[in-house]
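Peer 1: I'd like to ask some things about the structure below.
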Amino acid sequence: MEIKEAMEILEKDIHTEVPKAAISARKHDAAVRIALVALKKQIPVKPIILDVLNGDIDYTCLLCGKNVVSDAESRSNYCGKCGCKFDWSGIDA
Ligand SMILES: [Zn+2]
């Protein structure tokens, strides 16, 4: 199952109108929302490449905007701030 498909299934699990007294339903919805945030970060996003110079790569996370300058060889597969997964395919650096 693809992550996006799992997210669509979980999103349908969130109650639309929950009475204030329905604490277990509200906790369930909160847990689903937390899971959805974690799942979204597993969908790879391409970093925004700002500069490539002398073996270093300067890039920005598309989701949170964190700017990183790294050795191109040891560039990270995940954002150090928001934890999203980077897709480096097709990026030559
Ligand atoms: Zn980020």
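So for the sequence shown, the numbering used here puts the first residue at 4; every next one is plus one. Cβ atoms here follow ideal geometry from the backbone N, Cα and C, with glycine treated the same way. Predicted, not measured: the structure shown is a model, and the values here were computed from it.
Taking buried to mean at least 16 other C-beta atoms within 10 Å of its own C-beta, is residue 51 buried or exposed?
Peer 2: Looking at its Cβ environment, which holds fewer than 16 other Cβ atoms inside 10 Å, residue 51 is exposed.
Peer 1: Beta carbon of residue 17, beta carbon of residue 29: below 8 Å?
Peer 2: It is not a contact, given that the beta carbons lie outside the stated cut-off.
Peer 1: Taking Cβ to Cβ, would you say residue 58 is nearer than 8 Å to residue 32?
Peer 2: No, Cβ-Cβ distance for residue 58 and residue 32 is not below 8 Å.
Peer 1: From residue 70 to residue 10, what distance separates their C-alpha atoms?
Peer 2: Cα-Cα distance, rounded: 28 Å.
Peer 1: Report all residues for which the CB-ligand distance to some heavy atom of ligand 1 is below 6 Å; order them along the chain.
Peer 2: Those satisfying the condition are, in chain order, 64, 66, 67, 69, 82, 84, 85, 87.
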